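**Q** Here it is, the structure in full.
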Amino acid sequence: NRQVGEQPLKMKESILITLDRTYLKEKFVEYNQLYFNNSLPKVPIFSIVNTPHLAGQYCVRWGKKNGVLQIIRHEIQIDENILWTEEKLRSVLVHEMIHYYVEIKKKKPKRDGDFQHWGLFWVMKTKLNWKYNLHIKNRATESQFRGRLQCKLQFKSTP
């Protein structure tokens, strides 16, 4: 825990990483322990998708179980077209994990699509950014994730 006036931990920018579902699950387990005290109940489904305007997205699927409408699936989608580094992935994945945390902490789950960036989300984001120097944002800026598909293809073809 950081004390008032203490400098935040410095995070180094790492080399590019290749995404796959196994790696994302491992990071989820690691971050759940580090930042959420293992309070997220289970590893969600991970999808690596082509989302031109989103770095990541938290989704739920609703269905009836024993006649009761409830969430039957949690999913985190991560964009495949970003040149991912450890720091970028940590910021985006923890952002989506906060949405997951907010959803399971609701007193009464409801189908309101309330995955906004205020209330408990804002409190968690601010706390984690301050305590761990994570740089979690409400929305990824274009400059933050410059170098999408075009650069990725150039990078792959460079000897």
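Each position in the sequence shown, counted from 1, maps to that position plus 2 in the numbering used here.
Glycine included, every Cβ here is placed at the ideal spot set by N, Cα and C.
Note that the coordinates shown come from a computational prediction; the quantities given were computed from them, not determined experimentally.
If we count the other Cβ atoms within 10 Å of its Cβ and call it buried at 16 or more, is Arg141 buried or exposed?
**A** By one-based count along the sequence shown, residue 141 stands at place 139. It is exposed - the Cβ of Arg141 has fewer than 16 other Cβ atoms within 10 Å.
**Q** Skipping 5 residues on each side, what residues in its chain have a beta carbon closer than 6 Å to that of Gln59?
**A** As a first step, residue 59 must be located in the sequence shown, where it is residue number 57. Taken in chain order, the residues that qualify are Gln79.
**Q** Pop quiz: Val45 and Phe30 are said to be a contact at Cβ under 8 Å. What is the actual Cβ separation, rounded to whole angstroms?
**A** Mapped onto the sequence shown, residue 45 falls at position 43. Mapped onto the sequence shown, residue 30 falls at position 28. So it is a contact: roughly 5 Å between Cβ atoms.
**Q** Cα separation between Leu122 and Tyr103?
**A** Residue mapping note: residue 122 aligns to position 120 of the sequence shown, counting from 1. Residue mapping note: residue 103 aligns to position 101 of the sequence shown, counting from 1. Taking the straight line from one Cα to the other gives about 9 Å.
**Q** On the criterion of 16 or more Cβ atoms from any shown chain inside 10 Å, does Asn40 qualify as buried, or is it exposed?
**A** Here residue 40 refers to the residue found at position 38 when the sequence shown is read from its first residue. Its Cβ having fewer than 16 others within 10 Å, Asn40 is exposed.
**Q** With DSSP as the reference, label Thr24 as helix, strand or coil.
**A** Within the sequence shown, numbered from 1, the residue matching residue 24 stands at position 22. Three-state result, Thr24: helix.
**Q** Using a threshold of 8 Å, state whether the C-beta atoms of Ile100 and Met126 are closer than that.
**A** Taking the sequence shown and counting its residues from 1, one reaches residue 100 at position 98. Taking the sequence shown and counting its residues from 1, one reaches residue 126 at position 124. In contact: Ile100 and Met126 (Cβ atoms closer than 8 Å).
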